[in-house]
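Under mature numbering (1 follows the signal peptide of the UniProt record, and there is no 0), residues -25 to -1, 1 to 89 are what the sequence shown spells out, in order. Cβ coordinates follow ideal geometry from the N, Cα and C atoms, glycine included. If you're wondering where the values come from, they're calculated on a predicted model, not measured in any experiment. Below you'll find the structure, written out as structure tokens, and then a few comments.
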Amino acid sequence: MKGGVVIAVMVVVATVAVMVQPGYAVTCGQVETSLAPCMPYLTGGGNPAAPCCNGVQNLKLLTPTTTDRRDACRCVKAAASKFQNIKEDAASALPTKCGVQIGIPISMTTNCDQ
């Protein structure tokens, strides 16, 4: 009987722990790290390298919710504003060229709240 009570308590504690876990929010550091391998493509054109496309895929995994995607969009815009030589057409084509539908427009002019 004692063992059954201990197991029941452990199940309740585990269930509560899962229910009260704080939400996970994507950070600008994660977005920048994911897209850093894309800089040669974004500034020079051509085709994105495999590490770049892996980063785009990682960005998709980091942004499962609309709120996450909006936050990541703001991070992309902030990061892009630091670089004068990013080609807008290369940036907007990046997800398509990598074959990843991320739901985040990669553009310096995007309204992230839409």
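Please work out which residues of its chain come closer than 6 Å, Cβ to Cβ, to L17, disregarding the five sequence neighbours upstream and downstream, and give them in chain order. I61, A65, A66
For Q5, which of helix, strand or coil comes out of DSSP? helix
For a test of the three-state rule: what should DSSP assign to P70, helix, strand or coil? helix
Can you tell me the Cα-Cα spacing of D88 and P15, whole angstroms? 28 Å
Contact check, L69 vs P26, beta carbons under 8 Å: Not closer than 8 Å, so no.
If you draw a straight line from the C-alpha of E63 to the C-alpha of P80, how long is it? Each residue's Cα considered, the two are about 11 Å apart.
Is the beta carbon of S9 less than 8 Å from the beta carbon of G30? yes
CB Q5 to CB L37, shorter than 8 Å? yes
Taking the C-alpha atoms as reference points, what is the distance between residue 93 and G20? Residue 93 lies beyond the range of the chain shown here (-25 to 89); nothing can be said about it.
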